[in-house]
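Just below is one structure, and these are the notes that go with it.
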Amino acid sequence: MKEQGRESFEQWARTRQQALVRTAYLVTGDFHRAEDLVQEALVTVATRWDVLRDGNPDAWVRTVVYRGNVSWWRKHRREVTRAETPERPERPGGAGTPDGQAAALVRGGLADALLLLTQKQRAVLMLRFAEDLSVAEAADVLGVSTGTVKKQTSVALARLREVAPELRDLLEEVR
Amino acid sequence: MNERLDLAALRDGVDLPPTQVAEGAWERGRRRVRRRRAAAAVGVAALVAAVAVVPTLVGPSVTGMLQPAEAPTGLPDPTRTVTSDVAVQDLLGPLIGRETRPRAGDDVVDVGSAPQVPLADAPLPFARWAVATETGALVLGPDGTFRSVDVPGGEAATDVLQATSFNPDATRLVLGMSDGVVVADLTRGTTVTVPLSPGGKVDEAVVIEGWAGDEVLVSNGDRGSVLVEAVTGRVRETTYPAGPGFTGNGTPFVWSGTEAVVGDARVRTAVDRDPTDPLLIDGDRALLATGLTLDEADLGTGGPLGDSDLPYVPSVVVVDLPTGDPVARLVRDPSGPVLLEALALDGGSAVIRVESVRAEVVVLDWSWETDEVTHVAAIDPPDGSGFVAWGRG
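Going down the list, the sequences are from chains R and X. For the first sequence, this note's numbering begins at -5 and goes up steadily by one. For the second sequence, this note's numbering begins at 11 and goes up steadily by one.
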């Protein structure tokens, strides 16, 4: 690690941290684990900043976050069974942005429904429909086959339709 | 992007408290790099004098004794220079491609649910492989059953088991602790616990560098390297600088960057080795996973990665130590599994760990003389640990 890279790294990391934690929260369903995951990913990026700064650190840290979650899940899967939607952390001063009520309701329902999926299913949906990656790109990030991504996407969408029938219209056209 | 299911908008609208996770990341990263490098750094002496131990005999387990100071073991001064003219880029062996990913029909060895007995109750002629546990390691014997070997106190460091943990014929096993090692003689079912002075975080074990006959070379942070005699636990200090090891006939070497000292020869090679990278030795040949090139295509798509405990490696190389010549190289195809770790070298066969999300540990055999890669094993270890050592699998 070369010290002259510190300033550019810290600037980059500060501008990305909130978005990364939001992503990690939707993937993990746990705010504190999301912070842990992003913090570890940023440390990993810092150790490779000499090379990554001229490449694509955003793509790299995204992969670290997603794979870090897969790794965490593998290590703790015997301990974790999600029975219900987890609580979101309380934010001082208010509970959300003033979007239109209908849109907020849909988003809230979707967020809750997402958290009822498995870790892998959430990760696949986020990569496909939030990160806008192709099936092949999502497969590469997760280190699985394209067939696995297709299957997980299909199963995840079916599960969403099942747990959140009010979102059926939203999900109907997704294949 | 699908216009209806827009999770980007959902993500951007998630209302979470402001985070400060970026603060301190650079410092933590720097400490991590320092710690890794310190694990094989130059150092002498202080190790032996630091602890006084009274040997005690408890069943088949013994606590070893640190020896009085004697002339430290070190390298002879180089009297000649050998320069390799083989460029690594000229070697392009097989690409590990999609066909080597685990397949749905593959059997996964579920170690956690397999029967196991303490090593002391049922010694083994040799080990096939071992996986780390929360208390030590589980060793698979040729009979297909597991033996448990635990560290004192029953709480193992994260990297208790390392790629170099087995001796060449897989009859002895060394487990690393933050303040010492446990050496198991698998054929007799005995263990020797050898305390060394504390050298790092409680969660990090000493570095097991390699074997020379019945002695194993252990580095303990900046406190240097010692030789531990496997049966008696006798400890000798050394003056080896960073990245030490022994060839198959016991010739000592050190290798850092592109320069090695092998016995009395200074060897210049095209292969750049970080002294913390483990080396697997067979005769005069060394196997190492090395960051020779960083594939720009991989960078663009997020880079090859291991899990959080293991760094990714772009390629694996076999090097002839006396000449410094790289003789074979394995590179990952973008469609193939990520290379994680070199585990063993035995003649023309190299054992490589690759990443998988289906099983924690997936192992391939690379026949580097014939350029063939075959799938060997998928292992689901207990406790979620990903650390594995390869014996005579």
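Each residue gets a CB set at the ideal place from its N, CA and C atoms; glycine is no exception.
Problem - Beta-carbon spacing of X/L101, X/P332 below 8 Å - result: Here the question's residue 101 of chain X lines up with position 91 in the second sequence. Here the question's residue 332 of chain X lines up with position 322 in the second sequence. Not in contact: X/L101 and X/P332 (Cβ atoms no closer than 8 Å).
Handout entry: DSSP bridge partner residues for X/V226 (one or two, in chain order)
Key = Within the second sequence, residue 226 of chain X is the residue found at index 216, counting from 1. DSSP, once it has assigned bridges, lists X/W221, X/V238 as partnering X/V226.
Practice task
Could you confirm whether any beta carbon from chain R is found closer than 8 Å to the beta carbon of X/G146?
Solution key: The count along the second sequence starts at 1 and reaches residue 146 of chain X at position 136. Against chain R, the CB of X/G146 has no partner CB under 8 Å away; the residue lies outside that interface.
Exercise for the section: With DSSP as the reference, please indicate the residues paired to X/L148 in a beta bridge. Expected result: Against the second sequence, residue 148 of chain X aligns to sequence position 138. Note: X/L148 sits in a beta bridge opposite X/V141, X/S158.
Problem - C-beta atoms of X/V386 and X/V141 nearer than 8 Å - result: Here residue 386 of chain X refers to the residue found at position 376 of the second sequence. Here residue 141 of chain X refers to the residue found at position 131 of the second sequence. The Cβ atoms of X/V386 and X/V141 do not sit closer than 8 Å to each other.
Handout entry: Where X/D335 falls: helix, strand or coil (DSSP)
Key = Within the second sequence, residue 335 of chain X is the residue found at index 325, counting from 1. Per DSSP, reduced to three states, the secondary structure at X/D335 is strand.
Handout entry: Straight-line Cα distance separating X/E144 from R/F3
Key = The residue given as residue 3 of chain R occupies position 9 in the first sequence. The residue given as residue 144 of chain X occupies position 134 in the second sequence. Within the model, the alpha-carbon separation for R/F3 versus X/E144 is close to 36 Å.
Problem - Nearest to X/D294 (by Cα), restricted to the options X/E351, X/S325, X/G334 - result: Sequence index remark: in the second sequence, residue 294 of chain X carries index 284 (1-based). Cα-wise, what sits closest to X/D294 is X/G334.
Problem - Closer than 8 Å at the beta carbon, the chain R residues around X/P28 - result: Here residue 28 of chain X is taken as the residue at index 18 of the second sequence, counted from 1. Listed along chain R are Q12, each with a C-beta nearer than 8 Å to that of X/P28.
Problem - X/D189 to X/V371 span [Cα, whole Å] - result: Taking the second sequence and counting its residues from 1, the one referred to as residue 189 of chain X is at position 179. Taking the second sequence and counting its residues from 1, the one referred to as residue 371 of chain X is at position 361. X/D189 and X/V371: Cα-Cα distance of roughly 27 Å.
Handout entry: Cβ-based neighbour list, X/E379, same chain, cut-off 7 Å, excluding 5 preceding and 5 following
Key = Position 369 of the second sequence, counting from 1, holds the residue named residue 379 of chain X. Once the five neighbours on either side are set aside, the close Cβ partners of X/E379 are G358.
Handout entry: Own chain partners of X/G122 with C-beta closer than 6 Å, once the 5 adjacent residues on each side are dropped
Key = Here residue 122 of chain X is taken as the residue at index 112 of the second sequence, counted from 1. Excluding sequence positions up to five before and after X/G122, its CB lies within less than 6 Å of the CB of P392, all in the same chain and listed in chain order.
Handout entry: Between the CA atoms of R/D30 and X/P28 - distance to the nearest angstrom
Key = Looking up residue 28 of chain X in the second sequence gives position 18. Looking up residue 30 of chain R in the first sequence gives position 36. Whole-angstrom Cα-Cα distance: 14 Å.
Exercise for the section: Count the C-beta pairs between the segment 9 to 22 of chain R and the segment 109 to 126 of chain R that are closer than 8 Å, then say yes if the count reaches three, no if not. Expected result: Three or more beta-carbon pairs separated by less than 8 Å link the segment 9 to 22 of chain R to the segment 109 to 126 of chain R, which places the two stretches in contact.
Exercise for the section: Take the Cβ of R/Q5 as the centre, count every other Cβ of all protein chains shown within 10 Å, and call the residue buried at 16 or more, exposed below. Expected result: Translated into positions along the first sequence, residue 5 of chain R becomes position 11. An exposed status is given to R/Q5, since fewer than 16 other beta-carbon atoms sit within 10 Å of its beta-carbon.
Practice task
Using three-state DSSP, classify X/W376 as helix, strand or coil.
Solution key: Numbered from its first residue, the second sequence carries residue 376 of chain X at position 366. Looking at X/W376 - three-state DSSP - the assignment turns out to be strand.
Problem - Coarse secondary structure for R/Q5, derived from DSSP in three states - result: Locating residue 5 of chain R in the first sequence gives position 11, counting from the first residue. For R/Q5, the three-state secondary structure derived from DSSP is helix.
Problem - First through last residue of the beta strand (DSSP E) which encompasses X/E382 - result: Taking the first residue of the second sequence as position 1, residue 382 of chain X is located at position 372. Note, X/E382: beta strand (DSSP E), 382 to 390.
Practice task
Find out if the Cβ-Cβ distance for the pair R/V135, R/Y60 is shorter than 8 Å.
Solution key: Taking the first residue of the first sequence as 1, we reach residue 135 of chain R at position 141. Taking the first residue of the first sequence as 1, we reach residue 60 of chain R at position 66. Yes; because the gap between Cβ atoms is below 8 Å, this pair is in contact.
Exercise for the section: For R/A152, count neighbouring Cβ atoms within 10 angstroms of its own Cβ and tell me buried if that reaches 16, exposed if not. Expected result: Start at 1 with the first residue of the first sequence, and residue 152 of chain R comes out as number 158. By the 16-neighbour rule on beta-carbons within 10 angstroms, R/A152 is exposed.
Handout entry: The beta strand (DSSP E) enclosing X/D292, as first and last residue numbers
Key = The residue you call residue 292 of chain X lines up with position 282 of the second sequence. Where X/D292 is concerned, the enclosing beta strand (DSSP E) starts and stops at 290 to 292.
Exercise for the section: Using the Cα positions of X/R339 and R/W54, report the straight-line distance between them to the nearest angstrom. Expected result: Translated into positions along the second sequence, residue 339 of chain X becomes position 329. Translated into positions along the first sequence, residue 54 of chain R becomes position 60. Those two C-alpha atoms are separated by around 25 Å.
Problem - Simplified DSSP assignment, three categories, for X/E351 - result: Taking the second sequence and counting its residues from 1, the one referred to as residue 351 of chain X is at position 341. If DSSP states are grouped into helix, strand and coil, X/E351 belongs with the strands.
Exercise for the section: Express the C-alpha separation of X/R40 and X/I291 in angstroms, rounding to a whole number. Expected result: On the second sequence, residue 291 of chain X is found 281 positions in, with the first residue counted as 1. On the second sequence, residue 40 of chain X is found 30 positions in, with the first residue counted as 1. Cα to Cα, the separation comes out at about 31 Å.
Problem - Within-8 Å CB hit, R/Q146 to chain X - result: As a working note, residue 146 of chain R is residue 152 in the first sequence. No, because no Cβ of chain X sits closer than 8 Å to the Cβ of R/Q146.
Exercise for the section: Please list the partners that X/V398 has in chain R, where partner means a Cβ-to-Cβ separation under 9 Å. Expected result: Residue numbering aside, residue 398 of chain X sits at position 388 when the second sequence is read from its first letter. Residues of chain R passing the Cβ test: none, with the nearest at roughly 14 Å.
Practice task
Alpha carbon to alpha carbon, how far is X/G220 from X/T249? Give it in angstroms, no decimals.
Solution key: Along the second sequence, read from residue 1 onward, the residue named residue 249 of chain X stands at position 239. Along the second sequence, read from residue 1 onward, the residue named residue 220 of chain X stands at position 210. For X/T249 and X/G220, the distance between alpha carbons rounds to 15 Å.
Exercise for the section: Provide the residue span of the alpha helix (DSSP H) that contains X/T93, from first to last. Expected result: By one-based count along the second sequence, residue 93 of chain X stands at place 83. For X/T93, no alpha helix (DSSP H) encloses it; the enclosing beta strand (DSSP E) starts and ends at 90 to 93.
Problem - Residue span of the beta strand (DSSP E) that contains X/A360, given as start and end - result: What you label residue 360 of chain X is simply residue 350 of the second sequence in a count that begins at 1. Looking at the DSSP string, the run of the beta strand (DSSP E) that includes X/A360 is 359 to 364.
Problem - Touch test, the segment 126 to 140 of chain X against the segment 194 to 208 of chain X, Cβ-Cβ under 8 Å, three pairs minimum - result: The segment 126 to 140 of chain X, when compared against the segment 194 to 208 of chain X, does touch it at the 8 Å Cβ threshold.
Handout entry: Residue closest to X/A32, alpha-carbon to alpha-carbon, out of R/A13, R/V15, R/R8, R/G49
Key = Position 22 of the second sequence, counted from the first residue, corresponds to residue 32 of chain X. Ranking R/A13, R/V15, R/R8, R/G49 by Cα distance to X/A32 puts R/R8 first.
Handout entry: Residue of X/T203, X/L350, X/V327, X/V241 minimising C-alpha distance to X/T181
Key = For this step, residue 181 of chain X is matched to residue 171 along the second sequence. Residue X/V241 is the option with its Cα nearest to X/T181.
Problem - Distance, X/G146 Cα to X/A55 Cα - result: In the second sequence, counting from the first residue as 1, residue 55 of chain X sits at position 45. In the second sequence, counting from the first residue as 1, residue 146 of chain X sits at position 136. Note that X/A55 has pLDDT 28, beneath the 50 cutoff, so the model's placement of it is unreliable and no number is given.
Practice task
Please classify R/Q(-2): is it buried, with 16 or more other beta-carbons within 10 angstroms of its beta-carbon, or exposed?
Solution key: Taking the first sequence and counting its residues from 1, one reaches residue -2 of chain R at position 4. Flag for R/Q(-2) reads exposed.
Exercise for the section: Go ahead and label X/R157 buried or exposed: buried means 16 or more other beta carbons lie within 10 angstroms of its beta carbon, across all protein chains shown. Expected result: As a working mapping, residue 157 of chain X is identified with position 147 in the second sequence. Buried: at least 16 other Cβ atoms inside 10 Å.
Handout entry: Option in R/L104, R/D44, R/G49 with minimal Cα separation from X/V24
Key = Translated into positions along the second sequence, residue 24 of chain X becomes position 14. Comparing Cα-Cα distances from X/V24 to each of R/L104, R/D44, R/G49, the minimum goes to R/L104.
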